[in-house]
Structure formats: C-alpha cells, structure tokens
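**Student:** Using my numbering, read the sequence shown as starting at 1471 and increasing by one per residue. Each residue gets a CB set at the ideal place from its N, CA and C atoms; glycine is no exception.
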Amino acid sequence: MIATVSAPLPPALAARLTDEQRQAVLEAARDKRVGVLAAALQLTEPEALAELAAGAGLDVAANLEPDLEGRGLLPARLVHDYQIIPIRFGPPPAAGSAAPMPAGADQPLHLATAWLPDDVMADWLRTFTPRPPVWHLAVPERVHQLLIENYGVGSGSLEDGDESYVAPESVGAHEEVVDEDAAVVRFVTDVISQAVEDQATDIHWEPQEGQLRIRYRVDGLLVPVPVPENLLRFQDAIISRLKIMARLNISEKRLPQDGRINFRAGSTTLDIRVSTIPTIYAESISLRLLNQKKEAYTMDRLGMSADEQAQITQILDYPHGIILVTGPTGSGKSTSLNAFLRKINSTDLRIITIEDPIEYEVPGVNQMQVRPEIGLSFADALRHVLRQDPDVIMVGEIRDRDTAEIAIRASLTGHLVFSTLHTNDAPGAITRLVDMGIEPFLVASAIELVIAQRLVRRLCPQCSRPAPVTKVKLIESLAILGCDTAEADHIPELKAPVGCDRCRGTGYRGRIGIFEIFRLNDEMHELVLKRESTRTLADAARRHGMRTLGQSGWEKVKAGFTTLDEVLRVITVTEK
1471 MIATVSAPLP PALAARLTDE QRQAVLEAAR DKRVGVLAAA LQLTEPEALA ELAAGAGLDV
1531 AANLEPDLEG RGLLPARLVH DYQIIPIRFG PPPAAGSAAP MPAGADQPLH LATAWLPDDV
1591 MADWLRTFTP RPPVWHLAVP ERVHQLLIEN YGVGSGSLED GDESYVAPES VGAHEEVVDE
1651 DAAVVRFVTD VISQAVEDQA TDIHWEPQEG QLRIRYRVDG LLVPVPVPEN LLRFQDAIIS
1711 RLKIMARLNI SEKRLPQDGR INFRAGSTTL DIRVSTIPTI YAESISLRLL NQKKEAYTMD
1771 RLGMSADEQA QITQILDYPH GIILVTGPTG SGKSTSLNAF LRKINSTDLR IITIEDPIEY
1831 EVPGVNQMQV RPEIGLSFAD ALRHVLRQDP DVIMVGEIRD RDTAEIAIRA SLTGHLVFST
1891 LHTNDAPGAI TRLVDMGIEP FLVASAIELV IAQRLVRRLC PQCSRPAPVT KVKLIESLAI
1951 LGCDTAEADH IPELKAPVGC DRCRGTGYRG RIGIFEIFRL NDEMHELVLK RESTRTLADA
2011 ARRHGMRTLG QSGWEKVKAG FTTLDEVLRV ITVTEK
C-alpha cells in the first residue's frame, strides 16, 4: 500500500510562512487547508486560493459542473478522501446537438480539487482510469458540496463496490473498513457531522417505500440530503445504530421513544435530542441538534435596528415586569431571550433560567433544565426558583395557566421575568393570556413589552445583485405587508439572490430577524381591561407607532438584507 503524502506548498508561498505555519497547513484536512493558509497569510480565502493556484501553475475553476461520465470512473471513498470531483470543462454542447461520444482512454479527465494534487493521488487515479488527469483548484466548500450531491453524504463509508482502494488513514485496519457495522457507524457520524457543517437544526431519517430518506432543516427549510444508492440495504442497521447511541431499547419497535446523544464533531460538542416513532415501513427518527457552546447572538447580530434595541433596552433596565417573545417554533425566540440575558448580565444581579432544553450556556447565570418525567414542570420549577432570591427569571415557555399565573405574580412582586408564547403577532399574546384564564387586570399590570419575531433568510453577501422590480408586483407585495404602496414609485430596483459557490447556489446564507415590538400604554391598558380583541389592540398599537412584522421585513428588504419573496413567505405562511 502506498503511503499518503501532502503536496508541498509552492516555494513562493512556503517562504512567507514559518515552519509551524507550514506544518499546520499540511496537517489540516484537505478541504480545510486553504482556510488555514489564508489565516496564516492574513488573506481572504479567495485571495489565498488565487495565490496558491498561481504558485502551482493551475487555474481556479468557477461555476463547477460535474462530469457525469467521469463520476462513474472513481470510487466514492477515493474522491471523498482526496476531495476531488470530475468536472466538465470547456463550452457546453449546443442545444439540440447530438450526445457526446464516450471519452476514450486518451481524453483528459478534468478534476477540481480543494488542494494541490500529489503523486499518490495520481497513482490512485491511474489504478481506476487510463485517462490523463488535468487539475483545477476550486473553492473547497463547493468541491465538498458537489461530492455530496453526486455521491451522497457518507457514500465513502458505505461503499461496497471495488475494495481495491483503502482510505489512507485506514491502511492498517483494512478488515475494519469492510466490516458492515463499522461502515454504518462511520456513515451515521458523517451524516451528523455534515449537518453540523451545514448549520442544520434537525435531521430527519424517514423510511419510505424503497428508500431511506434523510432531510436536514437548514435556515428553517427542509433540505433533502443526497444519499448513497445502496443506502436501503443498511436501513435497519442505521436505525439500530441511532437507537444505541441514544440508549434506547432497540428491540422495541412498536412504541415511540425519546433519548439523547452526546456527540462530538471536531471542536463542537452537541447535545442531540432523539425522538422515534413507528411508521408503516420502519421507525422514523428525528434528531434536534443543540450546540451548547455555540457563539451567542447579540442584539445587533439578531438583526435589530438601533431604534428597536433602544425600545427593548429601556425595558430591560426595569426592576420588574414581564417581557414576552412570541412566534412559531423555530423563529428564534430562545436566541433573543439569551441575547437579552447577556445584555443585562452582571455581578450584582441574580439570574435564574428554567429551560427545556438548555440551548445556550450563559456564564454567571444559574440555568435549570425542566424534567416533566419526574414531576419538574415549568410551574413547579418556577415555584422553587422564587425561593432562591432571584432578580431576573427566564421561563423557557408559558404553556399553561399555572405557569402564566406564577410568572405574572412573580413580576408583580419585584422580579423581571422573560418568557415566550406561541402567537402569530405581539398583541395576540395579551388575548392568549386572557384566554388561558388570567385576569385582564393582572395581564395589564404585569406585561411591559411583547416582541413578535420571525427569521428570514439573509441574502448571500458574495453574490446578491441589484435587479429591477416590477412595479405592479411591488405594490401588491407592499399591500400584503401593510406598508405604504406609494413607496413603489421610488424603488426602481432591489437586491436579488443569484447563487454562487459560497452559498451553494441558493443565493442565501444564514438568517436575520424581523421584529414587531408592542408596548402597552394607558389606552391599551383600558382595552385589555375591556377584553378587546387582538385586532383592536393591534390597531391601537399601530396608531401609537408600532411597526408590524411586515413593515420590519420591508425595512430589511430596502437595506439589502433579504428579499420581498422571503418576507412574504415567512409572514403569510405563519399568519394563515
């Protein structure tokens, strides 16, 4: 077996690095080396990639398209190990032209790679195809994404075809490589690790007729995950592996089960919540990924404007009262509460949180996990917390009248309370509490601020471009959002998604919040006491200057953060 070696750096680049930096670059994973090199040279990744290509005499390939014929020549494990992908190179065939003839042995095989090729890679390629390789450097993220799209997540782990290739790091353990159990373990790890890399919040394993479908939830949308063609053969073993990781009963397939997995992916430690349900074909398993060490959000990073931050910060300084954040599941409510806690966190405040689950660790804050299975509900936990001399209490969610009553009485006895509710808009939180059976005078006295929020996808800063707008469509959209339609006369163009290697062709990267901030005044106090409807409260709030979710979204569109279609998708779906 040939030992693996790292391609040396071009001399001009190597001379600009210390010995430690050169070693760090060459010891990093192939798809991470450009990033490590960029950090060492204090360049951006595109700049480092361009300098690397120039030093090696290669070009940087953009807008990569996979070579479907070349894809069948190389085993999945090899292309994953070396981060290479066969690509089409040259002008595309003219429309209506005859299908190209299969490439002969003398036809070059164009390969995009995340790092410089070396002799070992060339030796392995000659093992599988006589076609001479022509190398192109490419954005590592895009190469990795194309590998997943064309070979499937974890396809290198489950490959059961040509066993003549053995991953370099597994040379001494070939027997383990071909062992089915080990392959399934590696596959499950690959799927979870890829979800972490894609910043997914959930993974769904869904047995269907003739396939095991895997989907990630990324930026609030479900995304099908390309999987290896032979995945169905391993379905039962994969389900059993997930249940073993979650310490569930693998022989019980008739009842739903819940469990947890502690998972480490590089420097990331995940607390994964696992839920299984029996379906017609096999058990369907959902994983909720919680990264307790992930970078916390500030109010700026949430997407709040200076005016919105000022309104909220004023209330955060109050010694008592309730601040509610409302919205559907996955709208970022817990993230916002966490940002508020970090804003006020200090050594002279005793802050206690009651959460399910604990999504972020906050230094200096006492965080409690509810456990309904042993009788520790939100209401029970809140009763005990009130005996702990807190200044600020965060209750993860108000789910019932008991919790609502205790939270409101806590705020009236000198505590600042943060919590969440599931309502479509901010004024709806008031009527929801009254519907729960809370006396209107208690609601009016305790609630200081209600913030409704949604998350919209953020335009990719690398590729988004201004595009002309259709005036009629813009007027219709502004009317739906409750904005001034006269603004359409002064908006000739807005930023639009394009799609590039950095955003994997979607045109969007990450999410940003839109907010509706509802603050009670004397007029609204009277309306609450009269048990007026949500619509009446909302009309009064707008008269006093409340900006609705639609208006907040339009401000983000005008600022170039997102698109009208995205705001309409999020607001109209949740308000139906």
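Tell me which residues share the same chain as Asn1719 and place their Cβ nearer than 7 Å to its Cβ, disregarding the 5 neighbours each side in the sequence.
**Tutor:** Answer for Asn1719: Gln1727, listed in chain order.
**Student:** Give me the residue from Leu1964, Phe1848, Lys1941 and Phe1657 with the minimum Cα distance to Thr1955.
**Tutor:** Nearest option by C-alpha distance: Lys1941.
**Student:** Is Gly1952 helix, strand or coil when you go by DSSP?
**Tutor:** In the structure shown, Gly1952 sits in coil (DSSP, three-state: anything other than H, G, I, E or B).
**Student:** Within the continuous beta strand (DSSP E) that includes Glu1996, where are the two ends?
**Tutor:** Not the beta strand (DSSP E): Glu1996 falls in the alpha helix (DSSP H), residues Asp1992 to Leu1999.
**Student:** Who are the near neighbours of Ser1801 in its chain, counting only those whose CB is closer than 6 Å to its CB and skipping five residues on each side?
**Tutor:** Taken in chain order, the residues that qualify are Gln1923, Arg1924 and Leu1925.
**Student:** In the DSSP assignment, what are the bridge partners of Gln1678?
**Tutor:** Bridge partners of Gln1678: Gln1681.
**Student:** Alpha carbon to alpha carbon, how far is Asn1700 from Arg2012? Give it in angstroms, no decimals.
**Tutor:** Distance between the alpha carbons of Arg2012 and Asn1700 is about 57 Å.
**Student:** If we ignore side chains and look at the alpha-carbon of each, how far apart do Thr1597 and Asn1620 end up?
**Tutor:** Spanning the two alpha carbons is a distance of roughly 21 Å.
**Student:** Locate the alpha helix (DSSP H) running through Tyr1552, then write down its first and last residues.
**Tutor:** Ala1546 to Tyr1552 is the span of the alpha helix (DSSP H), which, as asked, contains Tyr1552.
**Student:** Do the CB positions of Asp1971 and Arg1612 come within less than 8 Å of each other?
**Tutor:** For Asp1971 and Arg1612, yes; Cβs fall inside 8 Å.
**Student:** Using only the alpha-carbon positions, how far apart do Asn1430 and Glu1963 sit?
**Tutor:** Since the first residue shown for the chain is 1471 and the last is 2046, residue 1430 is missing from the structure and cannot be characterised.
**Student:** Excluding the 5 residues flanking His1674 on each side, which residues of the same chain have their C-beta closer than 6 Å to its C-beta?
**Tutor:** Contacts found: Arg1685 and Ser1756.
**Student:** Which full runs of the beta strand (DSSP E) of 3+ residues lie inside the stretch 1755-1839, going along the chain?
**Tutor:** Listed in chain order, they are 1791-1796, 1821-1825 and 1836-1839.
**Student:** Keeping to the same chain, check which residues put their C-beta closer than 8 Å to that of Ser1934; ignore five residues upstream and five downstream.
**Tutor:** Correct list, in chain order: Lys1965, Ala1966, Pro1967, Val1968, Gly1977 and Gly2030.
**Student:** Would Asn1991 be called buried (16 or more neighbouring beta carbons within 10 Å of its own) or exposed?
**Tutor:** Counting Cβ neighbours within 10 Å, Asn1991 comes out exposed, since fewer than 16 surround it.
**Student:** Based on the DSSP output, what are the partners of Gln1727 in its beta bridges?
**Tutor:** Answer by DSSP bridge pairing, in chain order: Thr1746.
**Student:** Under 8 Å, do Ala1531 and Ala1584 count as touching if we go by C-beta distance?
**Tutor:** Contact: no.
**Student:** Should Ile1750 go down as buried or exposed, given a rule of 16 or more other Cβ atoms within 10 Å for buried?
**Tutor:** Label assigned to Ile1750: exposed.
**Student:** With DSSP run on the structure shown, which of helix, strand or coil describes Glu2036?
**Tutor:** DSSP places Glu2036 in helix when its eight states are reduced to three.
**Student:** Just to confirm the assignment, what range does the alpha helix (DSSP H) spanning Ala1966 have?
**Tutor:** Looking at the DSSP string, Ala1966 is not in any alpha helix (DSSP H); the run it does join, the beta strand (DSSP E), is Glu1963 to Ala1966.
**Student:** Whole angstroms is fine: what's the gap from Glu2036's alpha carbon to Gly1845's?
**Tutor:** Glu2036 and Gly1845: Cα-Cα distance of roughly 42 Å.
**Student:** Determine, using beta carbons only, whether Val1998 and Val1913 come nearer to each other than 8 Å.
**Tutor:** Yes.
**Student:** Apart from the five residues on each side of it in sequence, which residues of its chain come closer than 6 Å, Cβ to Cβ, to Ala1916?
**Tutor:** Answer for Ala1916: Ile1792, Ile1878, Ser1881 and Leu1882, listed in chain order.
**Student:** Rounded to a whole number of angstroms, what is the C-alpha to C-alpha distance between Ile1785 and Pro1478?
**Tutor:** Each residue's Cα considered, the two are about 58 Å apart.
**Student:** Decide yes or no for the touch test of the stretch 1734-1753 against the stretch 1702-1716: beta carbon pairs closer than 8 Å, at least 3 of them.
**Tutor:** Short answer: they touch.
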